[in-house]
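**Student:** Just so it is clear: in the sequence shown, position 17 is 17 by the working numbering, and no numbers are missing.
Glycine residues also receive a C-beta, built at the ideal position from the N, C-alpha and C atoms.
This one's a predicted model, so the numbers in the text were calculated from it and none came from an experiment.
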Amino acid sequence: MPLLPDPHPSLAEALASLIAAGAGRALLLGRAGRESITAQKLLTVLIYEVPLIAGCAAIGALACGAVGLDGSPALVVIGVLANKGPALLDPIVEGLLGAFRRRP
């Protein structure tokens with residue numbers, strides 16, 4: 001089973017997904033970090049957020065493609081996933097990892 005849908009997304013679709021995910025993360029970061037911006041904070045954001053944005057864009061695009069959602073509604077879903085997804089998924093992943101750690 002191929003990882004990418006067939007036909008593959010165009011460069012414009014991939015870029016739109018990245019922009020939607022970036023916008024979702026930017027809204028979250030703008031709300032969370034209304035402090036002064038330093039070089040260290042900017043570097044930390046780039047190290048952690050750029051891969052997260054790419055991951056959210058890919059996951060969102062693939063999920064939307066799986067349910068047949070495209071165009072502007074898909075971009076909204078990707079933006080919301082990038083904004084809310086990691087905060088909602090972290091407890092689930094921690095729960096799963098905790099269950100594996102408790103196994104004898």
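1) Taking the alpha carbon of S72 as the point to measure from, which residue in S10, F100 and S17 has its own alpha carbon closest?
2) Which residue comes first and which comes last in the alpha helix (DSSP H) that contains K76?
3) Using 8 Å as the Cβ pair cut-off and three pairs as the minimum, do the stretch 51-71 and the stretch 22-29 touch?
4) Rounded to the nearest angstrom, how far is the Cβ of A20 from that of I78, given a contact under 8 Å?
5) Please report the straight-line C-alpha distance between L81 and A66, rounded to a whole angstrom.
6) Using a threshold of 8 Å, state whether the C-beta atoms of A57 and C64 are closer than that.
7) In this structure, how does DSSP classify L52 when only helix, strand and coil are distinguished?
**Tutor:** Answer, in terms of the structure:
1) Measuring C-alpha to C-alpha distances from S72 to each of S10, F100 and S17 identifies S17 as the nearest.
2) Note that residue 76 is Val in the sequence shown here, rather than Lys. Note, V76: alpha helix (DSSP H), S72 to R102.
3) yes
4) 4 Å
5) 15 Å
6) no
7) helix
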